[in-house]
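S.K.: Have a look at this one before I ask anything.
Structure (structure tokens):
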């Protein structure tokens, strides 16, 4: 029985020795502090020696040497349980070391923990070198690869090239939008692939990330559709704005016509009364008819005058002759600028320069049209300040993308440059 | 044209021929006024004011050529504050009254008040020349959906005006320096008041009734 106990002790010690070797290797791999390495070494060496001692006792059972006999007799005859007790005591430092190793693993990131963490990500992740060899690929990327190509990622370059090629036989469509490769599946799932160049240990490495953008993609499609609808509504409202003014003017004309026709009706009734009953004043009746006939003369819808005709008539009315060389613009925006400029220069001619002739020279320098206004009056006594009308004219000109220049010396000139619109 | 120095010189600015003729007739039948010029565009009104002596201008707001009587009035009041101006319009656009007051327009008249022989316009002209400022108490009340125009607050009208340009909530907010949430609240309130189904319907009705007019 005592021998059996010794044998058990030796076996346990042997196991503990190998455990000590394992612990030493782990702490070396974990690059732990030297104290842990030393502790592991001491434990390993001690366990080794202890096991060896037990094996010597077992082997030379019948030795009569004094030290061996004393040790043997101590163990076999007097304290056979000591080996087991000692083994149990040895378990304490082992237990501490194992616990320390486990705690360290839980609190520190290891390559395996990184891989384990990345595998839980919903987004695909792939790192590969220039030759295509894969440094890291997570579970999600492999799943996506299987879904697209029927196999996991084995070579990064091949994977990226196949994605870029967008083979027609693939169970999805591949598009390129805003630096992203967009993969759309028939069931509505959409993935976005994004690649970027990195460096690892001095070697170039490509990082490819794949996001599931199904919800965002469909939301964007819906928003784009709504925006298109809104743009169309906006276009209609802008058109409505133009037509409402026309409608309002037409309504005013109609209201006036109704009033005139009402007056005409009253005149007819009054005339009938005068003829049949002899009631009423003849002169008043004649006055009414003159008025009605005069209004009826203007009842036909007049042709609306162009803006130029109003300003040119104004020039004539105020005694300023306008001489134009070249063609006036017909574009509505440009017309407004030149009409306004004509108005300003007509006023300037008679009010400030004391002249009676305004010249407008229109030239084409290839890219732009130049409109130069000048008059036959006196030059300005000092530099012309842009206030009121000129200020408004400049704002109008620049709003349409043109430029304006006011020259005071040697004579007044207003130059407006408007770029030529295509079409 | 022989000028009677005793009569006030009137310039009519109205782009439509018939109303312009009506104005002309009213003025010619008056002993106090004399028609100097009848123009069809507000854009040239200032030229005549700079050249000739004008006492009173009767001017429409919306012209067919895109010119605006209020803009012309503002300019004339700066250079010729002594000229009295009566703005006439048939549009119930609520901002016209406020803008006319801020410019210093002397009187304001709505065209549907055409009278018979004793034209209300003539009375307004006489009172204006006498130094009075004649303004209607309110803009004409118009129905828009289930609501009346007077039920809208000034802020709602301001937002509605931008809405009729076809702007989005964010664009309206940027234009008016308010938050998009405030814009949304105003539009929502107007839809509740009018009973309209959506903002487009609201914008169309606001425009066609003349409640808000967007300048060109």
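Chains as they are written, first to last, in this note's numbering: chain A, 1 to 423; chain B, 1001 to 1216. Positions of the beta carbon are idealized from the N, C-alpha and C atoms, including for glycine. Here the structure is a predicted model, which means the values were calculated and not measured.
Going by C-alpha to C-alpha distance, which of A:411, A:27, A:343 sits closest to residue 102 of chain A?
M.R.: Here the closest residue by C-alpha is A:27.
S.K.: Excluding the 5 residues flanking residue 1163 of chain B on each side, which residues of the same chain have their C-beta closer than 8 Å to its C-beta?
M.R.: For residue 1163 of chain B, where only same-chain residues beyond five positions count, the Cβ hits under 8 Å are 1172, 1187, 1199, 1202, 1203, 1206.
S.K.: Straight-line CA distance for residue 263 of chain A to residue 276 of chain A?
M.R.: Residue 263 of chain A and residue 276 of chain A: Cα-Cα distance of roughly 20 Å.
S.K.: Nearest to residue 52 of chain A by CA position, among A:149, A:36, A:392, A:6, is which residue?
M.R.: Of A:149, A:36, A:392, A:6, the residue nearest in Cα terms is A:6.
S.K.: Would you decide whether residue 221 of chain A is buried or exposed? Buried here means 16 or more other CB atoms lie within 10 Å of its CB.
M.R.: Residue 221 of chain A comes out exposed.
S.K.: Taking its Cβ as the centre, do 16 or more other Cβ atoms sit within 10 Å of residue 13 of chain A, making it buried, or is it exposed?
M.R.: With 16 or more other Cβ atoms within 10 Å, it is buried.
S.K.: Who are the Cβ neighbours of residue 330 of chain A in its own chain at under 6 Å, not counting the five residues just before and after it?
M.R.: Cβ neighbours of residue 330 of chain A beyond the five flanking positions: none.
S.K.: From the beta carbon of residue 1046 of chain B, is the nearest beta carbon of chain A less than 8 Å away?
M.R.: Output row for residue 1046 of chain B: interface = yes.
S.K.: What residues in its chain sit with their C-beta under 6 Å from that of residue 1196 of chain B, if we drop five residues either side in the sequence?
M.R.: Cβ within range, chain order: 1145, 1202.
S.K.: Would you mind working out which of B:1181, B:1008, B:1153 sits nearest residue 1085 of chain B, comparing C-alpha positions?
M.R.: Of the candidates B:1181, B:1008, B:1153, the one whose C-alpha sits nearest the C-alpha of residue 1085 of chain B is B:1008.
S.K.: Using alpha carbons as the reference points, say which of B:1154, B:1193, B:1194 lies closest to residue 1176 of chain B.
M.R.: Answer by Cα proximity: B:1154.
S.K.: Does the structure place the region 383 to 394 of chain A close enough to the region 356 to 363 of chain A that three or more beta carbon pairs sit under 8 Å?
M.R.: Because the criterion of three Cβ pairs below 8 Å is not met, the region 356 to 363 of chain A and the region 383 to 394 of chain A do not touch.
S.K.: As a quick exercise: from A:123, A:219, A:254, A:189, pick the residue whose alpha carbon is nearest that of residue 207 of chain A.
M.R.: Of A:123, A:219, A:254, A:189, the residue nearest in Cα terms is A:123.
S.K.: For residue 105 of chain A and chain B, any beta-carbon pair shorter than 8 Å?
M.R.: No, residue 105 of chain A does not count as interfacial toward chain B.
S.K.: Counting pairs of beta carbons, one from the region 118 to 137 of chain A and one from the region 156 to 168 of chain A, are three or more of them closer than 8 Å?
M.R.: The region 118 to 137 of chain A vs the region 156 to 168 of chain A: in contact.
S.K.: Since residue 1050 of chain B and residue 1015 of chain B are thought to touch, with beta carbons under 8 Å apart, how far apart are those beta carbons, to the nearest angstrom?
M.R.: The Cβ separation is near 21 Å, so there is no contact.
S.K.: Taking a contact to mean a Cβ-Cβ separation below 8 Å, would you say residue 314 of chain A touches residue 1044 of chain B in this structure?
M.R.: Closer than 8 Å, so yes.
S.K.: Under a three-way DSSP split, which group does residue 1092 of chain B fall into?
M.R.: Residue state, collapsed to three classes: coil.
S.K.: Closer than 7 Å, Cβ to any Cβ of chain B: which residues of the region 107 to 131 of chain A, in chain order?
M.R.: The residues in question: there are none.
S.K.: Please list, in chain order, the chain A residues whose beta carbon lies closer than 7 Å to that of residue 1205 of chain B.
M.R.: Residues of chain A passing the Cβ test: none, with the nearest at roughly 11 Å.
S.K.: At what residues does the beta strand (DSSP E) containing residue 1121 of chain B begin and finish?
M.R.: First-last for residue 1121 of chain B: 1120 to 1129, but that is the alpha helix (DSSP H), not the beta strand (DSSP E).
S.K.: Since residue 1142 of chain B and residue 1211 of chain B are thought to touch, with beta carbons under 8 Å apart, how far apart are those beta carbons, to the nearest angstrom?
M.R.: Confirmed, Cβ separation roughly 6 Å.
S.K.: Under 9 Å Cβ-Cβ, which residues of chain B neighbour residue 257 of chain A?
M.R.: Correct list: 1018.
S.K.: At a Cβ threshold of 8 Å, is residue 317 of chain A touching chain B?
M.R.: Closer than 8 Å to some Cβ of chain B, the Cβ of residue 317 of chain A qualifies, so yes.
S.K.: Whole angstroms are fine: how far does the CA of residue 1158 of chain B sit from the CA of residue 414 of chain A?
M.R.: If you take the alpha carbons of residue 414 of chain A and residue 1158 of chain B, they lie about 38 Å apart.
S.K.: Tell me, to the nearest whole angstrom, how far the beta carbon of residue 1103 of chain B is from that of residue 1070 of chain B; I am working on the premise that it is less than 8 Å.
M.R.: Yes, they are in contact, since the Cβ atoms of residue 1103 of chain B and residue 1070 of chain B sit about 6 Å apart, within 8 Å.
S.K.: From residue 1097 of chain B to residue 383 of chain A, what does the alpha carbon distance come to, in whole angstroms?
M.R.: Each residue's Cα considered, the two are about 39 Å apart.
S.K.: Using 10 angstroms around the beta-carbon of residue 50 of chain A, count the other beta-carbons present and answer buried if the total reaches 16, otherwise exposed.
M.R.: Its Cβ being crowded by 16 or more others within 10 Å, residue 50 of chain A is buried.
S.K.: Is there a C-beta anywhere in chain D that falls below 8 Å from the one on residue 1037 of chain B?
M.R.: This model lacks chain D altogether; the protein chains it does include are A and B.
S.K.: Which bits of chain A does residue 1078 of chain B rub up against, with CB to CB less than 9 Å?
M.R.: Here the neighbours are 388.
S.K.: Give me the Cα-Cα distance between residue 57 of chain A and residue 25 of chain A, rounded to the nearest whole angstrom.
M.R.: Each residue's alpha carbon lies about 30 Å from the other.
S.K.: Given residue 310 of chain A, which residues of its chain have a CB within under 6 Å of its CB, disregarding the five upstream and five downstream residues?
M.R.: Taken in chain order, the list of residues that qualify is empty.
S.K.: Name the residue from B:1194, B:1013, B:1174, B:1026 whose alpha carbon lies nearest to the alpha carbon of residue 1068 of chain B.
M.R.: Cα-wise, what sits closest to residue 1068 of chain B is B:1013.
S.K.: DSSP three-state label for residue 152 of chain A, please.
M.R.: DSSP places residue 152 of chain A in coil when its eight states are reduced to three.
S.K.: Starting from residue 343 of chain A, find everything on chain B with Cβ-Cβ shorter than 9 Å and list it in chain order.
M.R.: Near residue 343 of chain A (Cβ distances below 9 Å), the residues of chain B are 1043, 1044, 1046, 1047.
S.K.: Based on the DSSP secondary-structure assignment, which residues constitute the bridge partners of residue 364 of chain A?
M.R.: Per DSSP, A:369.
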